[in-house]
Amino acid sequence: MGPSFWSLCVLLCAWTWGKSMGLSRRRRAWEEKGEDGPKKCSYTFLVPEQKITGPICASRGPSLPDKDRVTRMDIADVRELMSKQRREIDTLRMVVDVDGNMVNEMKLLRKESRNMNSRVTQLYMQLLHEIIRKRDNSLELAQLEGRILNATAEALRLSARYKDLEARFSNLAAVVNNQSILISALEERCLQVYGNHRQEPLPPPLVQVVPENIPVHVPRLSNEIQRVHGRALPRERGSRSGLEPTESTLELKRPQTGNFSSEGPFHDCLHAMQAGHATTGMYLLKPEGSDRPMQAWCEQDVDNGGWTIIQRRKDGSVNFFRNWESYKQGFGNIDGEHWLGLENIYNLGKQGDYKLLVELQDWMEKKVYAAYSSFHLEPESEAYRLRLGTYQGNAGDSLTSHNGKQFTTLDRDKDAFTGNCAHFYKGGWWYNACGQTNLNGVWYSGGVYRNKFQDGIFWADYGGGFYSMKAVRMMIRPID
Ligand SMILES: [Ca+2]
Numbered sequence: 001m002g003p004s005f006w007s008l009c010v011l012l013c014a015w016t017w018g019k020s021m022g023l024s025r026r027r028r029a030w031e032e033k034g035e036d037g038p039k040k041c042s043y044t045f046l047v048p049e050q051k052i053t054g055p056i057c058a059s060r061g062p063s064l065p066d067k068d069r070v071t072r073m074d075i076a077d078v079r080e081l082m083s084k085q086r087r088e089i090d091t092l093r094m095v096v097d098v099d100g101n102m103v104n105e106m107k108l109l110r111k112e113s114r115n116m117n118s119r120v121t122q123l124y125m126q127l128l129h130e131i132i133r134k135r136d137n138s139l140e141l142a143q144l145e146g147r148i149l150n151a152t153a154e155a156l157r158l159s160a161r162y163k164d165l166e167a168r169f170s171n172l173a174a175v176v177n178n179q180s181i182l183i184s185a186l187e188e189r190c191l192q193v194y195g196n197h198r199q200e201p202l203p204p205p206l207v208q209v210v211p212e213n214i215p216v217h218v219p220r221l222s223n224e225i226q227r228v229h230g231r232a233l234p235r236e237r238g239s240r241s242g243l244e245p246t247e248s249t250l251e252l253k254r255p256q257t258g259n260f261s262s263e264g265p266f267h268d269c270l271h272a273m274q275a276g277h278a279t280t281g282m283y284l285l286k287p288e289g290s291d292r293p294m295q296a297w298c299e300q301d302v303d304n305g306g307w308t309i310i311q312r313r314k315d316g317s318v319n320f321f322r323n324w325e326s327y328k329q330g331f332g333n334i335d336g337e338h339w340l341g342l343e344n345i346y347n348l349g350k351q352g353d354y355k356l357l358v359e360l361q362d363w364m365e366k367k368v369y370a371a372y373s374s375f376h377l378e379p380e381s382e383a384y385r386l387r388l389g390t391y392q393g394n395a396g397d398s399l400t401s402h403n404g405k406q407f408t409t410l411d412r413d414k415d416a417f418t419g420n421c422a423h424f425y426k427g428g429w430w431y432n433a434c435g436q437t438n439l440n441g442v443w444y445s446g447g448v449y450r451n452k453f454q455d456g457i458f459w460a461d462y463g464g465g466f467y468s469m470k471a472v473r474m475m476i477r478p479i480d
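Structure representation (structure tokens):
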């Protein structure tokens, strides 16, 4: 259908619409006048085809009255309403979308909340576990403290008991000492009363000095026990029962182990140290004016070093009950027990002004010392008379009473006693009658010993006459 057709239709409609309007006005006039109108006729309207976007209500029934007819205004209203509803729908859809996002977020938040809850639960369980563990630790600590307290109380009790035993032992040792003295006196009286014609020399008086505190060693072994285990002791070792004097002179042997300096000879150990030999050990010495070298042990660590060892006791491995020649030449092992020799000591001492240090060690490993400000020996023609300076130390002065005395051995009696002190004291020494110390006596294991004579390695001012030292060293050094 072309545009001319649509134009024709519009014109026809306009014409018919004008006629109908005129007729309708005339009909209303007729109706107002109460007259019957002209004959009814029907009209056909051709309207342009329209694009319907919304719902259309159509009725197939009888034609609606005018007031019920759909007009353009109604359609526009409907369209406006529809568009409004559409906008509202869009709005609602957007709201729905937003709500959907919120729902997702809520879901995520709920999931996160669940995770947090499980984490909180886990932490709570851990906390409970920690609390229980700490409570257990507290209990354990309390138990440990209790045990420590018990152990401390036990230690205190044992300490008190030990002190008590120590005091009782000191008393007993003093009693033993006194009884030994008493027994000796009784024996002497017995001999006098009943007349003994064997012409045995009277023993020397026993040392009366018994300090209040005798060094205590646990377990304390007596010389009796020592004899029971005699096979464990060196053959040379002195013992009361089988002790015989030794006449041979032991050569001073080079030790198999230990320090040994091949340099030298030096005048003394201080000379060796000043020559750069600061290591304690064995050195070759040759005092000035002496025609023969000797081996000696140099102590370079004690008291600034430079000390020449002239005598050493430590384990009873060497017999010190020897004759004059042996004491003159020296004997023993330089790295163990030995006597450097009176002639060597004399040669060392005449080089200058020397001092003497006596180091004593008891059976509790305690060390004490006695130092003398000067020391030298007179020549053999004077039987190596001892010349000492003043005492200083913590062992007590038991050697000054021997100052000015000559040396006595079993075969050369130079002491002030009627008999020979070397016979009773089982050694060689600058005996008086017989004296306050006997460092070349018999090495007794355990400290306190019991014997008819005081022949142990005693230092009367430290331990009394019946306490034998575990270790002794005598050393000399030029005065600074
Ligand atoms: Ca004598």
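Numbering follows the UniProt record's numbering, with no gaps: position 280 of the sequence shown is 280.
Even glycine gets a Cβ: it sits at the ideal position worked out from N, Cα and C.
Because the structure is a prediction, the values reported are computed rather than measured.
For LYS470, the closest C-alpha among the options ILE75, SER317, CYS269 and LEU127 is that of SER317.
Collapsing the DSSP output to three states places ARG313 in a strand. Residue pairing by DSSP places TRP459 opposite THR437 in a beta bridge.
Here PHE424 carries a helix assignment [DSSP, helix/strand/coil].
In this structure, DSSP gives MET364 a state outside helix and strand, which the three-state scheme calls coil. Within the DSSP secondary-structure output, ILE476 pairs in a beta bridge with THR308 and LEU356. Of the other Cβ atoms in all chains shown, 16 or more fall within 10 Å of the Cβ of ILE309; this residue is therefore buried.
For the 8 Å CB-CB criterion, PHE424 and ASP455 form a contact.
By the neighbour-count criterion, in which a residue is buried when 16 or more other Cβ atoms sit within 10 angstroms of its Cβ, TYR391 is buried. When the beta-carbon positions are compared, ASN438 and TRP429 come within less than 8 Å of each other. Residue state for GLY396 is assigned as coil, using DSSP reduced to three classes.
Every residue whose beta carbon comes nearer than 5 Å to a heavy atom of ligand 1 appears here in chain order: ASP413, ASP415 and PHE417.
Between the alpha carbons of TYR462 and GLU145 lies a distance of about 43 Å. In the DSSP assignment, TRP297 falls within the beta strand (DSSP E) that extends over 294-299. Secondary structure at PHE466: coil, using DSSP grouped into helix, strand and coil. DSSP places PHE331 in the strand class (E or B) of the three-state scheme.
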